[in-house]
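Every letter in the sequence shown is one number past the one before it in numbering that gives the first Met the number 0, and letter 16, counting from 1, is 15. Yeah, the Cβ is synthetic: ideal placement off N, Cα and C, and Gly gets one too. Notes for the one structure printed next.
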Amino acid sequence: MIVSWRTLFVCRMGRSLPDVSCEVVFEPAEWKSTWRVVRRSRPPVQPPKLRDMVRMVAQLGGYVNRSRKDEPGPQTVWLGLQRLHDITLCWEVFGPEAKADAIFV
């Protein structure tokens, strides 16, 4: 139930408030790790807009980001959120902000 709630929440927020900071919905480790994997570059200092983050999460789930105006659907966001969880865990354990004792938690 919680997974479906978050999936729909992310989809709806991305469509209704696309220009707000993605930190309204995502933790810093979530958006930074996703940026690193999808864009293959260092994360920016300022968090991206929610629209951009939802599209990156959907890309993790198989969404093809074209120049069309189609928004990602719940299925690609759902699959992307599953991958996001794993990527974020790796970021927290092995990433640049990792703590030495995080491996033993």
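For residue i, the first and last residue of its enclosing alpha helix (DSSP H)
{"i": "G13", "result": "I1 to S15"}
{"i": "F93", "result": "P73 to F93"}
{"i": "K31", "result": "P27 to R38"}
{"i": "A57", "result": "L49 to L59"}
Residue i and residue j closer than 8 Å at C-beta
{"i": "T87", "j": "S3", "result": "no"}
{"i": "E26", "j": "L83", "result": "no"}
{"i": "V24", "j": "Q58", "result": "no"}
{"i": "G13", "j": "R50", "result": "yes"}
Given residue i as reference, the closest of the options once Cα atoms are compared
{"i": "E70", "options": "G94, V53 and R35", "result": "V53"}
{"i": "P95", "options": "D85, T75 and R35", "result": "R35"}
{"i": "D85", "options": "V56, I1 and P17", "result": "V56"}
{"i": "R5", "options": "R39, Q74, A97 and K98", "result": "Q74"}
{"i": "P17", "options": "C89, K68, I1 and R39", "result": "K68"}
Pairing CB atoms from the stretch 73-85 with CB atoms from the stretch 6-25, are three or more of them under 8 Å? Yes, the stretch 73-85 touches the stretch 6-25.
When you compare the stretch 39-48 with the stretch 59-66, are there three or more beta-carbon pairs, one atom per stretch, that lie closer than 8 Å? Too few Cβ pairs lie closer than 8 Å, so no.
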